[in-house]
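Note sheet for the following structure.
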Amino acid sequence: MWFPDRLSHAGNASAIVTGRFAGEAAMKLVHISDIHLNADPILGLDSIANFKKCLAYVEAHDHDAERVVITGDLTHYGLEESYRELAEILKASSLKGKLEPRLMIGNHDNREMFASVFPETPRDDAGFVQWTEETPAGVFVYMDTVDQGRHSGRYCESRMAWLKEVLDQARASGQKAYLFMHHNPVRVHVANADIIGLIDERAFQSLLREYNDTAAHVFFGHCHYTLSGAVSGVPYSAPRSTNHVCWPDFSGQINRMGYGDLAPNYNVCFLGDNSTVVHSIDFLEAENLKWKIYEDLEFS
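Every letter in the sequence shown is one number past the one before it in our numbering, and letter 68, counting from 1, is 166.
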């Protein structure tokens, strides 16, 4: 624990930290999920305004990241107007090139409508919106878990075969594979989330167990609350939402959802050779932030 009143005074604390405090080199990733763009408010919240605030915060504070990934539920109803709104927001954003958000779909999206507005997004041979990308940390694997028309997710035999081939290639080349998906691939012990999680979770977990020497982390969304843990020996994490945040309810009631004036967020992740670190950024709370600078501190 850091006790400011007990610090001795020597060097200049305003300098950039170097040496053993600097830590290992790591790739910086911004993970956003569940933006739910919609013209009308959702549970009294303006999803478009909140997403714009999120992007503005990323632009100001995380422009040194290597990738920005949005893991699905880009819209609330899968409407063309919502996808076009997203396209206009991204066009006006300074996040370009490697920082242009990688867009994935979730249960609130419409695969074909999304593809009509974002035709440049890759699809596999079966038409699923999934692809891979080489990054400084390893191969990023963008997965399509949508079962069109249902809120629960599927990862069918075709998609599973595609993923197995990707993981085989990563293992053969000695690369880490970072998996991105929308649906929770593990029970989170909240009934209203688990009932609409990944239906094929057992088969997916079995595949993860087979490749847990290669799959380094699973990033997902869907649940609208911060999650972390491990499944089949592979760590996972999930941010909340940039709009309506849910409360984890362990009552077992399927038809009850807790929500309120809760802070939306996104995650900032550092992917290193020997570690993965995940921070939650409550971007709307930044206006309440205060800073104190300690001068002439000695660190030992």
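Think of the CB as a built atom: it goes at the ideal place given N, C-alpha and C, for glycine as much as any other residue.
Asked	Found
Three-way DSSP call (helix, strand, coil) for Ile297 in this model	coil
Segment limits, alpha helix (DSSP H) that includes Ser180	178-190
Ala137, enclosing beta strand (DSSP E) - first and last residue	Per DSSP, Ala137 belongs to no beta strand (DSSP E) and is neither H nor E.
Neighbourhood of Asn353 by C-beta distance below 6 Å, restricted to the same chain and skipping five residues each side	none
CB contact flag (His287, Phe348, <8 Å)	yes
Local Cβ density within 10 Å of Arg300, reported as buried at 16 or more and exposed below that	exposed
Beta strand (DSSP E) segment containing Val156, residue limits	Unbroken run through Val156 is the alpha helix (DSSP H), 145-159; no beta strand (DSSP E).
Rounded straight-line distance, which links the Cα of Asp298 to that of Thr169	18 Å
Beta-carbon gap between Met355 and Cys344 smaller than 8 Å	yes
Residues near Ala224 in its chain [Cβ-Cβ closer than 8 Å; skip 5 each side]	Ser256, Arg257, Trp260
Residue span of the beta strand (DSSP E) that contains Lys126, given as start and end	124-130
Range covered by the beta strand (DSSP E) that runs through Val237	236-240
Phe317 versus Asp394 - alpha carbon distance	40 Å
Same chain, Cβ closer than 6 Å to Ser112, five either side skipped, listed in chain order	Only weak support exists for where Ser112 lies, its pLDDT of 43 falling under 50; the value from the coordinates is given anyway. If we look at Ser112 and ignore the five residues flanking it on each side, it has no Cβ neighbours.
Residue from Arg165, Leu143, Ala154, Asn136 with nearest C-alpha to Leu127	Arg165
Counted within 10 angstroms of its Cβ, other Cβ atoms place Glu88 as buried (16 or more) or exposed	Since the displayed the chain opens at 99 and closes at 398, residue 88 lies outside it and no answer follows.
At least 3 beta-carbon pairs within less than 8 Å: the stretch 317-335 vs the stretch 270-281	yes
Gly225 - DSSP class collapsed to helix/strand/coil	coil
Reduced DSSP secondary structure (H/G/I, E/B, other) of Ala268	helix
Neighbourhood of Glu157 by C-beta distance below 6 Å, restricted to the same chain and skipping five residues each side	Ser192
Phe318 - containing beta strand (DSSP E), residue span	Taken as a continuous stretch (DSSP letters only), Phe318 belongs to no beta strand (DSSP E), as it is neither H nor E.
Per DSSP, cross-strand counterpart(s) of Thr374	Leu369
Three-state secondary structure (DSSP) of Val215	helix
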